[in-house]
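Peer 1:
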Amino acid sequence: MEDTLSIAKGFAEYYNKSNHKARSVKILDSTLREGEQGSGIYFTLGQKVQIAWMLDYFGVDAIEISPIISKEHEEATTRIIKAGLKAKIVAHLRALPSDIDVALKCDAKCIAMYHSVSDLHLNYKLRVSREKALERMVKAIDYAKAHGLELRMTMEDASRADPAFLLKACKVVEEAKADRISIPDTVGVMKPSGMYNLVKMVKEKIRIPIDVHCHNDLGLALANSLAGYEAGADQIHVTVNGIGERVGITSLDELVMALKVLYNLDLKVRYEMLKELSETIAHYAKIKIQSSKPLVGENAYKHKAGTHIAAVIRNPQAYEVIPPSFIGNKRKLIFGELSGKNGAAFLMKILGLDPNPELAIKLAKGLKDLRIGDLFEIEFSEDLEREVLKVDSMIEKGGEG
1 MEDTLSIAKG FAEYYNKSNH KARSVKILDS TLREGEQGSG IYFTLGQKVQ IAWMLDYFGV
61 DAIEISPIIS KEHEEATTRI IKAGLKAKIV AHLRALPSDI DVALKCDAKC IAMYHSVSDL
121 HLNYKLRVSR EKALERMVKA IDYAKAHGLE LRMTMEDASR ADPAFLLKAC KVVEEAKADR
181 ISIPDTVGVM KPSGMYNLVK MVKEKIRIPI DVHCHNDLGL ALANSLAGYE AGADQIHVTV
241 NGIGERVGIT SLDELVMALK VLYNLDLKVR YEMLKELSET IAHYAKIKIQ SSKPLVGENA
301 YKHKAGTHIA AVIRNPQAYE VIPPSFIGNK RKLIFGELSG KNGAAFLMKI LGLDPNPELA
361 IKLAKGLKDL RIGDLFEIEF SEDLEREVLK VDSMIEKGGE G
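For the sequence shown, this note's numbering gives the first residue as 1, with consecutive numbering after it.
Shown next as structure tokens:
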């Protein structure tokens, strides 16, 4: 598999090379917390537990869920914690002793508390001063630590906070014995270079691990997560299909494959489950996966243009970085007015006709003249691939593909 990925990347690595060396990073999945904040999304109690099992089997390092939403969420959190999964179960709460009590009731060992640090949030959401915000965070941390909890403190809206106050808050939280800090781009306002600078700034001032949680409001969640990784983030937050508040956060499949392909980082996860995970969550969430979604979308491995089909017939890597089977997807070829002579010849073969070059050219012209767009599509399996290579050897080289 490693050789395949290396060949598919070609000389891209020449341009992608940088001083940022690949290093291990943890993945926290927040499908059960952030994901349920997506419009219209609700998971039943049984679905929540099943999703946790699937994520654990896939291999994420941590699974986040909020027990304070409802009694059902509390019950789901309790069941998931008692399931004895390998992944760390993180109970997501407000920075309030009363919320911590709910987590303790669920027998949580690890919690994630959040508190706004931007003036915009402090003034218009919480209506508290900076000093009061720090006081609240320290009080909550002290209470959690008194009960033996491991905890993360999320600096909500960190990307829009006064840098001096953000650093002060991080330092105060570290000194209060928080185990890690999360730096979220809460409204997706950062450029990748900005996210890099933000994480680097915090990383240089504190010693405890840093998480990044990037929203996708401008379509930059993945890019910003990778920038945070390059700046030293120790854990990255994701959801399956990128679902979440508004337009969601970084998508699990895109992150793990970007790390695999672009950074040669093998996360020891079950990559072949990505398509199944995507479809299962979409079904439970009652949402449709965008057909053009990278990797797991319906169109991710569909090839239509005649020249593309010709190239894919000879070597799929011509238009694919990652084999679809690696992530549980399938390659498909679309036949119609754009098929060209190679596509037409293959179409003749599967219809039981003699795919000689002259007839293939005529069929290609006929399909084009019909102006019917896409005629149909077929899965390009390994068995079909072997047959196609035989057909390709019968067709004259050159001309339209």
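Glycine is no exception: its CB is placed at the ideal position from the N, C-alpha and C atoms. Fair warning: this is a prediction, and the values are worked out from it, not measured in the lab.
Taking just the CA atoms, how far does Gln-37 sit from Glu-13?
Peer 2: The straight-line gap from Cα to Cα measures roughly 38 Å.
Peer 1: Specify, as a first and last residue, the run of the beta strand (DSSP E) that Ile-65 falls within.
Peer 2: Residues 62 to 65.
Peer 1: When DSSP labels each residue in this structure, what does Ile-378 get in the three-state scheme?
Peer 2: The answer is strand: DSSP assigns Ile-378 an E or B state.
Peer 1: Taking all protein chains shown into account, decide if Asp-56 is buried (16 or more other Cβ within 10 angstroms of its Cβ) or exposed.
Peer 2: It counts as buried.
Peer 1: In three-state DSSP terms, what is Gly-398?
Peer 2: Its pLDDT being 42, under 50, Gly-398 is placed unreliably in this model, and the value from its coordinates should be taken loosely. Three-state result, Gly-398: coil.
Peer 1: Among all the DSSP beta bridges, which residues are the ones paired with Val-296?
Peer 2: According to DSSP, which records beta bridges pairwise, Val-296 is partnered with nothing at all.
Peer 1: Does the contact criterion of 3 or more C-beta pairs under 8 Å hold for the stretch 89 to 98 versus the stretch 111 to 124?
Peer 2: With a cut-off of 8 Å, the stretch 111 to 124 and the stretch 89 to 98 count as touching, because enough Cβ pairs lie within range.
Peer 1: Does the contact criterion of 3 or more C-beta pairs under 8 Å hold for the stretch 272 to 292 versus the stretch 235 to 243?
Peer 2: Touching, per the Cβ criterion.
Peer 1: Do you know offhand how far Ala-360's Cα is from Glu-379's?
Peer 2: Ala-360 and Glu-379: Cα-Cα distance of roughly 21 Å.
Peer 1: Look at the alpha carbon of Tyr-15 and the alpha carbon of Thr-78, and state the distance between them as a whole number of angstroms.
Peer 2: Cα-Cα distance, rounded: 48 Å.
Peer 1: What residue range does the alpha helix (DSSP H) around Glu-174 cover?
Peer 2: Looking at the DSSP string, the run of the alpha helix (DSSP H) that includes Glu-174 is 163 to 175.
Peer 1: Verify whether the separation of the beta carbon atoms of Asp-266 and Lys-275 is less than 8 Å.
Peer 2: Result no, Cβ atoms of Asp-266 and Lys-275 do not sit closer than 8 Å.
Peer 1: Kindly list the residues whose CB is nearer than 6 Å to the CB of Gly-398, restricted to its own chain and excluding five residues on each side of it in sequence; keep chain order.
Peer 2: Unreliable placement is indicated for Gly-398, whose pLDDT of 42 sits below 50; the coordinate value is still reported in the next sentence. Once the five neighbours on either side are set aside, Gly-398 has no close Cβ partner at all.
Peer 1: Which of helix, strand or coil does DSSP assign to His-20?
Peer 2: Coil.
Peer 1: With a Cβ-Cβ cutoff of 8 Å, do Asp-107 and Glu-150 count as a contact?
Peer 2: No, the Cβ-Cβ distance between Asp-107 and Glu-150 is not below 8 Å.
Peer 1: Taking the alpha-carbon of Gln-408 as reference, which of Leu-222, Ile-81, Ile-289, Leu-367 has the nearest alpha-carbon?
Peer 2: Outside the shown range of the chain, which is 1 to 401, sits residue 408, and nothing can be said about it.
Peer 1: Within the same chain, show all residues whose beta-carbon is closer than 6 Å to that of Ala-8, passing over the 5 residues directly before and after it, in chain order.
Peer 2: Around Ala-8: Gln-317, Val-321.
Peer 1: Taking DSSP as the reference, what is the three-state secondary structure of Met-54?
Peer 2: Helix.
Peer 1: Can you check the stretch 73 to 138 for any alpha helix (DSSP H) of at least 4 residues that lies completely inside it and give the ranges in chain order?
Peer 2: Fully enclosed alpha helix (DSSP H) runs of 4 or longer: 97 to 105.
Peer 1: In chain order, which alpha helix (DSSP H) runs of at least 4 residues are fully inside the stretch 232 to 289?
Peer 2: With a minimum length of 4 residues, the continuous alpha helix (DSSP H) runs that stay inside the stretch 232 to 289 are 252 to 263, 274 to 285.
Peer 1: Could you check the C-alpha separation between Gly-401 and Gly-340 for me, to the nearest Å?
Peer 2: With a pLDDT of only 43 at Gly-401, under the threshold of 50, the placement of this residue in the model should not be trusted; the figure read from the coordinates follows. Their Cα atoms are separated by approximately 5 Å.
Peer 1: Tell me which residue opens and which closes the beta strand (DSSP E) that Leu-367 is part of.
Peer 2: Where Leu-367 is concerned, there is no enclosing beta strand (DSSP E), although the alpha helix (DSSP H) it sits in stretches over 357 to 370.
Peer 1: With distances taken Cα to Cα, identify the nearest neighbour of Asn-19 among Tyr-263, Arg-136, Ala-91.
Peer 2: For the residues Tyr-263, Arg-136, Ala-91, the minimum Cα distance to Asn-19 belongs to Tyr-263.
Peer 1: Assuming Asp-29 contacts Leu-295 (C-beta within less than 8 Å), just tell me the rounded distance between them.
Peer 2: Actually they are not in contact, since the Cβ atoms of Asp-29 and Leu-295 sit about 16 Å apart, beyond 8 Å.
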